[in-house]
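What follows is one structure encoded as structure tokens, with my remarks underneath.
2 protein chains.
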Amino acid sequence: MKKYVYFFGGGTADGDGTMKGLLGGKGAGLAEMSRTGVPVPPGFTITTEVCNLYFENDGKVPEEVDQQMKEALAKLEEMMGQKLGDPENPLLVSVRSGAKFSMPGMMDTVLNLGLNDVSVEGLAKRAQNPRFAYDCYRRFIQMFGNVVMGIDKDKFERVFEAQKKKAKAKFDTDLTAEDLKKVVAEFKKVYKKETGQEFPQDPMKQLEMARNAVFQSWWNPRAAHYRKMNKIDDHLGTAVNVQTMVFGNLGDNSATGVGFTRNPATGEKEFYGEYLINAQGEDVVAGIRTPKPISMLKEEMPEVYEQLKEITTKLEQHYRDVQDFEFTIQDGKLYMLQTRNGKRTGPAAVKIAVDMVHEGLISKEKAVMRVEPNQLDQLLHPLIEPKSRKTLKLLAKGLPASPGAAVGRIVFTADDAVEAAKKGPVILVRKETVPDDIHGMEVAKGILTSRGGMTSHAAVVARGMGTPCVAGAEDIKVDERGRKMTVAGVTLKEGDWISLDGTTGEVFAGQATTVEPDPTSGILAEFMGWADEFRGDFGVRANADVPRDAKVARKFGAQGIGLCRTEHMFFGEGRIEHMQAMILADNEKDRKKALRKLLPMQRRDFAGLFKAMDGYPVIIRTLDPPLHEFVPKREEIMVDLAKLPHATIKEKRAMSERYGVPVRELKKYLPNLLRRVEELHEFNPMLGHRGCRLGITYPEITEMQARAIAQAAIQVAKKGIKVIPEVMIPLIGSAEELADQKAIVKRVFEEELEKAGVEVKYMIGTMIEIPRAALTADKVAREADFFSFGTNDLTQTCMGLSRDDYVKFSKEYEEKKIFKADPFQVLDQEGVGQLVEMGVKRGRSTRPELEVGICGEHGGEPSSVAFCYRVGMDYVSCSPYRVPIARLAAAQAAIASKQKEAAAETMRTA
Amino acid sequence: MKKYVYFFGGGTADGDGTMKGLLGGKGAGLAEMSRTGVPVPPGFTITTEVCNLYFENDGKVPEEVDQQMKEALAKLEEMMGQKLGDPENPLLVSVRSGAKFSMPGMMDTVLNLGLNDVSVEGLAKRAQNPRFAYDCYRRFIQMFGNVVMGIDKDKFERVFEAQKKKAKAKFDTDLTAEDLKKVVAEFKKVYKKETGQEFPQDPMKQLEMARNAVFQSWWNPRAAHYRKMNKIDDHLGTAVNVQTMVFGNLGDNSATGVGFTRNPATGEKEFYGEYLINAQGEDVVAGIRTPKPISMLKEEMPEVYEQLKEITTKLEQHYRDVQDFEFTIQDGKLYMLQTRNGKRTGPAAVKIAVDMVHEGLISKEKAVMRVEPNQLDQLLHPLIEPKSRKTLKLLAKGLPASPGAAVGRIVFTADDAVEAAKKGPVILVRKETVPDDIHGMEVAKGILTSRGGMTSHAAVVARGMGTPCVAGAEDIKVDERGRKMTVAGVTLKEGDWISLDGTTGEVFAGQATTVEPDPTSGILAEFMGWADEFRGDFGVRANADVPRDAKVARKFGAQGIGLCRTEHMFFGEGRIEHMQAMILADNEKDRKKALRKLLPMQRRDFAGLFKAMDGYPVIIRTLDPPLHEFVPKREEIMVDLAKLPHATIKEKRAMSERYGVPVRELKKYLPNLLRRVEELHEFNPMLGHRGCRLGITYPEITEMQARAIAQAAIQVAKKGIKVIPEVMIPLIGSAEELADQKAIVKRVFEEELEKAGVEVKYMIGTMIEIPRAALTADKVAREADFFSFGTNDLTQTCMGLSRDDYVKFSKEYEEKKIFKADPFQVLDQEGVGQLVEMGVKRGRSTRPELEVGICGEHGGEPSSVAFCYRVGMDYVSCSPYRVPIARLAAAQAAIASKQKEAAAETMRTA
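For the protein sequence lines, the chains are A and Z, in the order given. Going by our numbering, the first residue of the first sequence is number 5, and it counts up by one from there. Going by our numbering, the first residue of the second sequence is number 5, and it counts up by one from there.
Structure (structure tokens):
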């Protein structure tokens, strides 16, 4: 018979820590802890397979599952000497979700299960504490009612608050056992009213319903959304952990807490955590009361503290990674409820990885593999500039829950955040966040809460997303309904600017100036050094159009420029008018005249790039966009023409300025302009007269650009700087096109080099950004010194999908899972990737020394970088700020490939 | 030593008829004729290889060529007993081009070479005819001056006309020897003035210069243009034929002529040709004098006539194809100058092929291979309707030079034709056409000349292009400069309508009504029957949107509908308003309401198609174009909005009508409309929110269409008609998209079929028109019953090339040979073809029974049809009028594949 239920407890377990897929992370962790002698409340795990069977069979589970659950429960009852629902000595259990990958707070939990009108009295007697027993019972009814039956929490909260008022209680703990009995009676009425049924008294029925509710919660909207955000497979399912309840709320000798073996925000090696005396676990996580730092436990319960420290240190050694643990102290006795590898911020991930290498815990290789490349983004985030810090008003100080500086306008609800974020940066300010706020947190530049600790929902989620967060800034009074917050005598309203420093916990009024971090020193530099060792000679370049960006790119470790878009230079002041003159010219002579004016400007730009990239290659792409992008829009001209006969003098003057033509000439000028702009109009500009097609119809443009590049290269080379120009022709679809443009570039370079008497090695190559170029890459490569995959356009053409127009239906496409991810962010390896791989292979088949890279935005996305490494590219090129991410992703790809080879080798020799 | 020069004559030859590539068509023909004992003036052929060497070596040829030419010349001189340049008995030769494929009139020829101031006297003595000798000499100087040295013909013509005037001569033949001597003297002066050199007296020098000029003429613009039009490879080069001159202008016992063994316009088996007494060959071809029909030769020179008939009949038997021959009668002795397979019209090609099968000359297989599929187009051309023929004024009757009816406005120059053809159909009217008119002939619907015969330039070229042509309508006075023509007392001006019947030679004033031919009877039906036998079960379907087109398609032999574009149905009156209401709806409810109104209309349309296609499959594609195609254009609304404040009542009323909204509501309506239209606006509609993407975001549209199809199928099936509906989802890029849409269609069909209690087999499949679909075809096929390659869009996406925008630079692209042909007409097998082949293979790899076809416009283009056959498609689908062309192309592909297999089999067993 198939095993669906795994027992753990009493120093043994059916499962172990490797079985995360089957038992979930929590279940596997409990089994592993139990095996290693860690004091864990015993219980059993119902596997993730059962979850899938549950959904496949319309909410039913195989009979064997029920059978195995009964057996496990009997074993548990025997071990604990208690019985579920027993009137004398009742066993209480928790029922928790636990998937393969941690999804904090996303799914449901039921605590104190096993209580009913009879067993509650047994519990009261055993604990000699009726207040505690009825507190458990009222919590159970509320949780069961909410989680299992979907009753709004508020329905219960209102009853509870009313009772508190009636009893004149300030805190929950002020309520007596009698008060709580009344609450229980009222809660049962609420349950009956909302569900039409009595609250179930049969504990086995309770257990079955709770188990199913946990399964069901796999598909609640926030869990589904979280999986989508985190790319977790919907088919994994969740396990259910049924575990003996231990009580942190059994009095002042009881407590509950969570912690990390190292600081998850900074990575400092410090015992780190929080606890609440006389409370249950969810009180800590939910952030309702601000918990105490774990250092205080050392004073309050020194023995327990030492035991906890010893156990968790052992666990870190065991797992060789930071542990995120939960514990409960019941009447002075420590129980570990959970341990798992701790989530951490980017800076913490790097620091912990580097420290653990120095401590001899892990290898450099492992350290490099430990940091998610995208997490580096947080280390590259701007910081608040020291000067700006002094000039701004410090409003409050909270917990430094997630590092980095964030500047934005205040919003008070998740929905408002989504709306306002369309217009500019927002900071989400909440008393505390709840899982339902996730969509607002996602769009916010920073998160600020007035309640909750370092492990509160806001803090955990913000760190996971790499969003700066200040949590538990208790001085701030947040009025979410009134859309305002008050602190230090200042009231800030929705839309006001504030600045957060998530690294220090400071909150400032106004807009801070931020500064860039320095990636060339300290722990990050050490870490990146290791990454670069593993990366070997797989290069990382940057896309940069101007010398300023090129310098940033160098600082971030770029080994050249993979794409300089020359057209961006044409939009500058003093340039666009020559560009327009060139475009609107009726003949080659006028066109050439305008081009002659543009040449020295282009030469200057290129010279700057060559200087910044001393010794590294610089790929310059010839003009790419369709010409109509440089002239006024046709519909604007049409509307102005329609308005002109009745326009006021003021309107006419505005037009005159817009077109750079005297008022009296507008009448003649506009129709002429419209005619030329109409000629340039395209139905599908993406597929139109652009890229090499421009150079083929107007060879003089290619010639001017080639000359500017050649002259700039010569000029800089003469100064003793090493120049490696690579001229790239865009939008090539056939070898013939490239041959045509190459002939022009080559001729101009040879002319200029001969005239200057200088030797400069140069390359002429092409973008591969049209399917046909990839399909005929063997022929194209005969004309090309290098290929650079333009995966933005290649994605558009391969998928027949305009990036600009995709936004209109992207939501449906990603929700319906038609696309697993936005193909413009994550390279579609299944489709577009085939063309890339084909292009590389076929290109090299006729020119083995072909240099191959990527310059689409995917060049900075980790999974895409790994793909580029696997298909044998020489380098990736991305935006300057993503260069370190690409360097790390490439290093990881190199290590993974080495490991794969090693595994294959082992297979062969075995 | 490599052989560059091939001798022929005296009953033998170095080469033979198979060596067209090396010797050119003419050279190979002369060799073959010489071998078979046909009386051919002896000579030698300089191979096409020399032409290529000439261009590769900057206009020089290897020394061996000169050496071999000298040897061949010596042999020739010995055979003829004459010597080049001999003062007593000079040998004269012609120097003619001759490429592998016939390019009539495109390249240059020099006649009478070998004459100089001395040898002309020798010729005069030998011929006892000084007039003849000087006539030859003046012709030679003019031709040499024009062809070799590029002197404008007019320069000579003016001198000649002046001399005629001076001598009061009416015809050229009125000039005496003395007159011609003067002409020669004047011609030499022209030569000196234009070239700065004396006219070359050394015959070897003349020969070398003439040879090079012929090579050079390979690249003259009209030859290059002709090759482009006819897809002849530029690298083939031309051979040069040096051949003993024989003279048709030696007196009234001499003549020159051309002919066909069968009528090349109708295919009738009749001896067919024309000749001129006392003339040289070019006089016939140039159409300067209207020649006599060959039947008159029987009376004028009965023996020669019989000999000619015997020889040409033998040649037809020898080549088993219609022969197009040239002959010269010198002093009563017949010489054959050339024979080749004759060009013929489509109707003639079919008739000749069928007749030759009946005569036992060729097999059915060969007959099917003999007709160019595109030629069938001429048989499917409209004819002038009999009634219309009676009501129109018959202006003149000329020669029926190329069949079919043509209706258009008159133009008088090739340049005017190009301009006017942009606005509507034109008829090019010329005295006679010359090779420089080719660009105008290409765009004209019909060609009318007042001079020239059935083999005049106009007639030959028009037949080649399949353009109706009436030639030599001598009653018509054409005033090209005055842009008018006069006939039968009527003067017609540029822009007036005329109608031509190229089948009868009639010219009518005004616009004729035309009728469709009937392809289901007669000789065409017999021929197509054979083609269909060879085609086997490879299907041909038609693209048809409405029952009317479906009926035409059936008549032309379509075996089903390969593509019905449902959106075309939405543009009809009483429909577009519901479509717009659907699109502009803010919610699903309103959208569904509008869709409910469209459903019965769609059902009616589909029922009509199913009826027309009884027993054959009908593929119906769900909605494809982006929704903004159905609403007013945004720039129109913008302009109207700009105008509205100052609009006159009349303008406002016009707007009110345009938008279907009362005048007073315009102010409110237009901004709202603009808002919605702006929402629909797309940057690249081709790559935007269309195809299956619409169905995925608005499932109710797919549902409505599926329901209309299902209900129509049920309704027609109930009448006992066999219905085979195939629902096709457009723009699929991934299996997930198809699965989504398929689920809707399947559910609706099952619902409707169950409700009706009827069994109808249906298929659900997809267009493959995005590269990604082809790349992932193995996965897509798991969801698809059939694939239909939409090669229009596949070409656009694979090449990153918008069809609408391509026109802006197509000229440069095709002239620069970047594209060999317009990729939207001829499938780009090298690039797009790879995706098609991949799609077929991968699709069948997971679903072997997958039905595969093509519905792009390439489905009616012969080379593309052959490609579809080769890659294993089940059928092609094309516009109804191209169905016979596709049927023939498929038959030819089947035969070619059978022949290839047979050849491979022979190789294996050998």
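Every residue, glycine too, gets a C-beta built ideally from N, C-alpha and C.
On the DSSP bridge assignment, give the partners of residue i in chain order.
i, result
"Ala243(Z)", "Gly102(Z)"
"Lys488(A)", "Asp483(A) and Lys497(A)"
"Gly543(A)", "Tyr879(A)"
How would you label residue i, buried or exposed, when you count the other beta carbons within 10 angstroms and need 16 or more for buried?
i, result
"Phe575(A)", "exposed"
"Trp223(Z)", "exposed"
"Gly876(A)", "exposed"
"Ile748(Z)", "buried"
"Met233(A)", "exposed"
"Pro268(Z)", "buried"
"Glu655(Z)", "exposed"
"Phe753(A)", "buried"
"Val811(A)", "exposed"
"Thr915(Z)", "Residue 915(Z) lies beyond the residue range present for chain Z, which begins at 5 and ends at 914; the question has no answer from this structure."
So which of the options has the shortest CA-CA distance to residue i?
i, options, result
"Thr495(Z)", "Asp479(Z), Leu504(Z) and Gly509(Z)", "Asp479(Z)"
"Ala739(A)", "Gln800(Z), Phe823(Z) and Glu571(Z)", "Phe823(Z)"
"Asp112(A)", "Ser221(A), Ala181(A), Lys168(A) and Pro94(A)", "Ser221(A)"
"Ser987(A)", "Gly470(A), Lys401(A) and Glu446(A)", "With chain A represented from 5 up to 914, any question about residue 987(A) goes unanswered, as that position is not in the structure."
"Val544(Z)", "Arg344(Z), His385(Z) and Tyr879(Z)", "Tyr879(Z)"
"Glu639(Z)", "Leu603(Z), Arg679(Z) and Pro666(Z)", "Arg679(Z)"
"Met458(Z)", "Val122(Z), Arg39(Z) and Tyr276(Z)", "Tyr276(Z)"
Any beta carbon of chain Z sitting closer than 8 Å to that of residue i?
i, result
"Asn378(A)", "no"
"His862(A)", "no"
"Ala747(A)", "no"
"Gly561(A)", "no"
Using a beta-carbon distance below 8 Å, is residue i in contact with chain A?
i, result
"Arg776(Z)", "yes"
"Thr270(Z)", "no"
"Ser849(Z)", "no"
"Ile718(Z)", "no"
"Thr177(Z)", "no"
"Phe790(Z)", "no"
"Cys859(Z)", "no"
Give, in chain order, every unbroken run of the beta strand (DSSP E) that is at least 3 residues long and sits entirely within the stretch 421-468 of chain Z.
430-434 and 450-453, all fully within the stretch 421-468 of chain Z.
Note down, one range per segment and in chain order, each beta strand (DSSP E) of at least 3 residues found wholly within the stretch 610-693 of chain Z.
Taking only runs of at least 3 residues, the beta strand (DSSP E) segments lying wholly in the stretch 610-693 of chain Z are 621-625.
Could you give the uninterrupted runs of the beta strand (DSSP E) lying entirely in the stretch 820-908 of chain Z, keeping only those of 3 residues or more?
Qualifying beta strand (DSSP E) stretches, in chain order: 855-858 and 879-882.
Complete runs of the beta strand (DSSP E) confined to the stretch 756-799 of chain Z [at least 3 residues]:
Complete beta strand (DSSP E) runs here, min 3: 767-772 and 790-793.
Which ranges does the beta strand (DSSP E) cover as unbroken runs of at least 3 residues, wholly within the stretch 334-398 of chain A, from first to last along the chain?
Complete beta strand (DSSP E) runs here, min 3: 337-345.
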